[in-house]
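Numbering (my numbering), first residue to last: 1140 to 1432.
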Amino acid sequence: MSGTSPDQWPDLPDLPSLRLAVVGHVEWVSFVVVERLPGAGQIQHALELLEQPAGGGAVVAAQFARLSPQPVAFFTALGRDALGERAAAELRAMGLQLHVAWREAPTRRAITFVEASGERSITVIGQRLAPAAGDPLPWEELAACDGVFVTAADGAALRLARRARVLAATPRVRLPLLQEAAVELDALIGSARDPGERYQPGDLSPAPRIYVATEAEQGGFTLPGGRFSAIARRQPPLDTYGAGDSFAAGFTAGLAAGWGRSEALALACRCGAAALDGRGAYASQWRAAPGWS
1140 MSGTSPDQWP DLPDLPSLRL AVVGHVEWVS FVVVERLPGA GQIQHALELL EQPAGGGAVV
1200 AAQFARLSPQ PVAFFTALGR DALGERAAAE LRAMGLQLHV AWREAPTRRA ITFVEASGER
1260 SITVIGQRLA PAAGDPLPWE ELAACDGVFV TAADGAALRL ARRARVLAAT PRVRLPLLQE
1320 AAVELDALIG SARDPGERYQ PGDLSPAPRI YVATEAEQGG FTLPGGRFSA IARRQPPLDT
1380 YGAGDSFAAG FTAGLAAGWG RSEALALACR CGAAALDGRG AYASQWRAAP GWS
């Protein structure tokens, strides 16, 4: 089905009840809505401001929680500061089963400018905090998971995550760390347009079973498998933040359900497209329900 739009594929079956988890990072994000990015020396008024805990790990965990009725475990690290405490409280309020390694370093922040076109530009402030296998967290839970997605970890934590039936990750974990962990990924999922997420065959040994590269409105491609198209949209995006992470969550959930490439891509593209229609990280993420296909 290379080159076929996911909205033209056969309807998907209902997802089974899946046990899903994320090992990854959190950032406290300020979403600043502007008409366009300011030029050098300009002063302009923001049209809207939204602040919430986000980052790749949190977005994938939240999307998982909308795809399966089982609690989603989120293994993360936060600074022992006011923002870290607030982030933990809000993530728990979203229904996530949070396992936090508390750090003395400050919680990472990010400023995301969202233009009228929906495109986002991100500036991160501070160190990305990652959970590690040496942290006193219930790592044994990962072995019982149908699917785990990793955005930040050390090598030993990656090896613990490999006990899950399906393990997927983003290249932002860093290819040298993935290579040092020497685990076989069921999927490596990243953006072909982001230099920080690119992967070339031969970069990892063992190689991932499938590599998924997204290209926004152009769809993307998988190795093996070939190209796929994006879902045709009837309106411009409101906010592109989190679309790639929501896509990754959908693809991982599809693999965890035992689906093949085409079905997993169809779910991933639905999740990615839905994320474009809400402000911030979570407002419009795809929800599974009986008859959802």
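Ideal Cβ placement from N, Cα and C applies to all residues, glycine included.
Since the model is a prediction, treat every value here as computed from it, not as a measurement.
Cutoff 8 Å; reference residue i; Cβ partners in own chain excluding five residues on either side
i: A1307; result: G1286, V1287, F1288, V1289, L1324, D1325, A1326, L1327, I1328, A1387, F1390, T1391 and L1394
i: R1219; result: W1241, R1242 and E1243
i: I1349; result: D1325, A1326, L1327, T1361, L1362, P1363, G1364 and R1400
i: P1177; result: Q1183
i: E1229; result: Q1191 and P1192
Distance CB(residue i)-CB(residue j) smaller than 8 Å
i: W1167; j: L1222; result: yes
i: V1263; j: R1247; result: yes
i: E1354; j: A1320; result: no
i: E1190; j: S1169; result: yes
i: A1405; j: L1154; result: no
i: A1201; j: Q1424; result: yes
i: I1250; j: V1305; result: no
i: V1211; j: A1227; result: no
i: A1412; j: R1373; result: no
i: R1158; j: Q1209; result: yes
Contacts around residue i, its chain only, beta-carbon distance under 6 Å, and the 5 residues preceding and following it disregarded
i: F1360; result: A1352 and R1366
i: G1381; result: V1198, A1414 and A1420
i: S1141; result: Low local confidence applies: a pLDDT of 38 at S1141 is under 50, so the model's placement there is unreliable, and no value is given.
i: P1376; result: G1257 and L1415
i: A1422; result: none
i: A1403; result: F1390, G1393 and L1394
i: D1378; result: V1253, G1257 and R1418
Beta-carbon proximity list for residue i, same chain, < 7 Å, skipping 5 on both sides
i: A1291; result: G1163, H1164, G1196, R1267, A1269 and V1312
i: R1231; result: L1237
i: S1156; result: S1207, P1208 and Q1209
With 16 other Cβ atoms within 10 Å as the buried cut-off, status of residue i
i: D1150; result: exposed
i: A1369; result: buried
i: H1184; result: exposed
i: Q1357; result: exposed
i: D1384; result: buried
i: G1335; result: exposed
i: A1204; result: buried
i: G1341; result: exposed
i: G1180; result: exposed
i: R1426; result: exposed
i: A1255; result: exposed
i: G1430; result: Unreliable placement is indicated for G1430, whose pLDDT of 45 sits below 50; the coordinate value is still reported in the next sentence. Exposed, because fewer than 16 other Cβ atoms sit within 10 Å of the Cβ of G1430.
i: L1113; result: The requested residue 1113 does not occur in the structure, where the chain is confined to residues 1140 to 1432.
i: R1175; result: exposed
i: L1276; result: buried
i: P1310; result: buried
i: L1188; result: exposed
Margin query: Count Cβ pairs between the stretch 1204-1215 and the stretch 1158-1172 that sit closer than 8 Å; are there 3 or more?
Written below: Touching, yes.
Checklist line | Contiguous alpha helix (DSSP H) assignments of at least 4 residues, all confined to the stretch 1386-1419 | finding: Runs found: 1400-1413.
Note to self: Using a Cβ distance threshold of 8 Å, determine whether the stretch 1274-1286 contacts the stretch 1295-1303, with at least three qualifying pairs required.
What the structure shows: Segments in contact, yes.
Notebook entry, point to check: For the stretch 1327-1370, which segments carrying the beta strand (DSSP E) assignment without a break, of at least 3 residues, lie completely within its bounds, in sequence order?
Noted result: You should have 1350-1353, 1359-1362 and 1365-1367.
Note to self: If we require 3 or more residues per run, which beta strand (DSSP E) segments fall completely within the stretch 1168-1229?
What the structure shows: Complete beta strand (DSSP E) runs here, min 3: 1187-1193 and 1212-1218.
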